[in-house]
Amino acid sequence: MANYFVGDIHGCFSELKKLLETVDFNPSRDVLWSVGDLIARGSESLATLRFFEHLDNAARMVLGNHELNLFGINAGIRTPRPSCQLTELIASDDFPRLLEWLRLQPLLHEVPEHQLLMTHAGIPPQWDVDTLRQEATRVSEALKQPDYLDVIISRMYTDAPEGWNPDLNHYERIRYCINALTRIRFLYSDGRLDFACKLPPEECVDSDLKPWFLFPSKTDNYIKVFGHWAALMGETGNPKIQALDTGCCWDQYLTLWHLESNQKITQKRLKKS
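Residue numbers are given in full-length UniProt numbering: position 124 of the sequence shown equals residue 124, and the series is strictly consecutive.
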């Protein structure tokens, strides 16, 4: 059995297929893990979702900000940008089924035997693993409820609260968890979330900001796998912090990380005719 972790696919399904052919991925033997953002920006979002759903237990994914935004688009809360190329997906006959399948996907995956945690964007350094599990489960359980559009989706389009406090109310905790696990990049020195800067760390001009993974963390004993931050191009300076978004949808490449060998395999963005 091999465990393969893939960065943000963003509808670049042809590139994913080539990567899986390169490593001879076998769903009866191997597991494909996705850091989320399977959809949007690339032209093959529908094919990507169908593929992951079809893999069943041979695939595991966490929700990214683009999957959550898709719920808002479907509810009429958000308007899809043309650049996200979601028309084919939304118009497909199986879109309702795929949307319901997405609702069942978590914000956190663990691989206990390897002491590994996977989220879309990162993990607040002030959270221990028990808090991480508790807050991620809170969101996942709320997403499964009939009123999820009111409890989560209609309330999540705000940057507040910027900081974690165990005294936050139910809705504030949900918002903070979603923002932290699916949008985090930089933090202020006091631990507050910043969403303005998306640059590589060396180009950030605010001296009070640092990448979330450079703070002392209560989960330092874990390998942490994430995507979301294409500007990092996979570079964190720490082998236990695996950044897998390498900007395939921005004409860079898609990255597959083989856990057991600690090897990264990449596929350059294909030119579409």
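For glycine and all other residues, C-beta sits at the position ideal for the given N, C-alpha and C.
- For D194, the secondary structure class from DSSP, reduced to helix, strand or coil, is strand.
- When Cβ pairs closer than 8 Å are counted between the two stretches, the stretch 181-200 is seen to touch the stretch 222-231, the count reaching three or more.
- Secondary structure at K18: helix, using DSSP grouped into helix, strand and coil.
- Per DSSP, T266 is one residue of the beta strand (DSSP E) stretching across 263-268.
- Using a Cβ-Cβ distance cut-off of 8 Å, the stretch 161-178 and the stretch 217-225 are not in contact, since fewer than three pairs of beta carbons, one from each stretch, lie closer than that value.
- Of the residues V111, A91, E44, the one whose Cα lies closest to the Cα of F5 is V111.
- The stretch 163-179 makes no contact with the stretch 73-82; the number of CB pairs closer than 8 Å stays below 3.
- With 16 or more other Cβ atoms inside 10 Å of its own Cβ, T119 counts as buried.
- Along the UniProt domain "Calcineurin-like phosphoesterase" (5-155), the alpha helix (DSSP H) occurs as fully enclosed runs of 4 or more residues at 13-22, 45-55, 65-74, 87-91, 95-103, 129-143, 148-151, listed in sequence order.
- With a cutoff of 8 Å on beta-carbon distance, L55 and L86 are scored as not near each other.
- Around K18, the same chain offers Q267 as residues with beta carbons nearer than 7 Å, after the five sequence neighbours per side are excluded.
- In this structure, the straight-line span from the alpha carbon of H114 to that of L259 is close to 9 Å.
- Sequence-distant Cβ neighbours of P27 in its own chain, meaning closer than 6 Å and more than five residues away, are L55, A58.
- L209: member of the beta strand (DSSP E) spanning 209-211, first to last residue.
- At least 8 Å separates the beta-carbon of V129 from that of A142.
- Sequence-distant Cβ neighbours of E53 in its own chain, meaning closer than 6 Å and more than five residues away, are W101.
- Excluding its 5 nearest sequence neighbours in each direction, R138 has C-beta neighbours in its own chain below 7 Å: R173, I174, C177, listed in chain order.
- Between the C-alpha atoms of L149 and N65 there is a straight-line separation of about 15 Å.
- Of the candidates T236, C84, N262, L193, T236 places its Cα closest to the Cα of P201.
- For D167, the closest C-alpha among the options F195, E135, N69, N262 is that of E135.
- Note: F226 is bridge-paired with A243 in the DSSP secondary-structure output.
- Take the alpha-carbon of A196 and the one of N179: they are about 13 Å apart.
- According to DSSP, W257 shares a beta bridge with F5, K264.
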